[in-house]
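Asker: Sending over a structure as structure tokens; questions will come in a sec.
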Amino acid sequence: MSMIGLFGVFIAFIFFLIFQCFFLCKKSHNVLLLKNWPFLGMLPGMLFNIPRIFDWISEVHEANDLTFTFKGPWFSGTDMLFTVDPRNINHMLSSNFAKSKGPEFKKIFDILGDGIVTADMELWEDLRKSGHALFHHQNFLKLSVSCTTSKLKDVLVPFLDKAAEENIVIDLQDVFQRFMFDTVRIY
325 MSMIGLFGVF IAFIFFLIFQ CFFLCKKSHN VLLLKNWPFL GMLPGMLFNI PRIFDWISEV
385 HEANDLTFTF KGPWFSGTDM LFTVDPRNIN HMLSSNFAKS KGPEFKKIFD ILGDGIVTAD
445 MELWEDLRKS GHALFHHQNF LKLSVSCTTS KLKDVLVPFL DKAAEENIVI DLQDVFQRFM
505 FDTVRIY
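FYI, my numbering numbers position 137 of the sequence shown as 461, with every residue one higher than the one before it.
So, in structure tokens, the structure goes:
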């Protein structure tokens, strides 16, 4: 009689997880939202929902009051906190910005330089105040409205009218991205 090797146990465990995943999925789709598997964390549920990842993320946020902790495989150290709660985001971006981002953050985002994205504490507050003053200045607001209006009237609306007349299928995401770029580069 042969002994079951470690590889055989591993294969049996993987098949058990796959069977459980599909059985639970057929039983109820919402069960897999945040199922925390031993060793694998929430990774199987995420991988199972890759074809509809954005819908899945929205469902997870809705089911967990807009904030949840994603538990990755135990060996990877990928436990992450995700939030779309406006109060949390406001707290992180404006109220409680005194927390240092640290050298690792600076190394990752070195390409952005020392701008508002990578600034810490007092420098961030100074950059934020000057940016706030610039973006809320009356002349800037007038320029913004006039540039956007002229681009809409002179470029975007005629382009969309022509596409509609000729019954052409267009990629609206690309069109709006170009419109945004054209509008922003004028400033």
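Built from N, CA and C at the ideal position, the CB exists for glycine as well.
Whole angstroms are fine: how far does the CA of K395 sit from the CA of F337?
Answerer: Each residue's Cα considered, the two are about 20 Å apart.
Asker: CB I475 to CB F503, shorter than 8 Å?
Answerer: Here the sequence assigns Lys to residue 475, which means Ile is not the residue at that position. In this structure, F503 lies closer than 8 Å to K475 by Cβ.
Asker: Which residue from P427, K486, L458 and H456 puts its Cα closest to that of A443?
Answerer: P427
Asker: Give every residue of the same chain whose Cβ lies closer than 6 Å to the Cβ of V493, excluding the five residues on either side of it in the sequence, and list them in chain order.
Answerer: none
Asker: Please report the residue range of the alpha helix (DSSP H) in which T473 lies.
Answerer: Q462 to K475
Asker: Is G365 helix, strand or coil by DSSP?
Answerer: strand
Asker: What residue does the alpha helix (DSSP H) around F392 start on, and which one ends it?
Answerer: Element bounds for F392: not the alpha helix (DSSP H) but the beta strand (DSSP E), T391 to F394.
Asker: Secondary structure at F334, three-state DSSP: helix, strand or coil?
Answerer: Assignment of F334 by DSSP, reduced to helix, strand and coil, places it in the helix class.
Asker: Taking only the alpha-carbon atoms, compute the straight-line gap between G332 and F339 and give it to the nearest angstrom.
Answerer: Between the alpha carbons of G332 and F339 lies a distance of about 11 Å.
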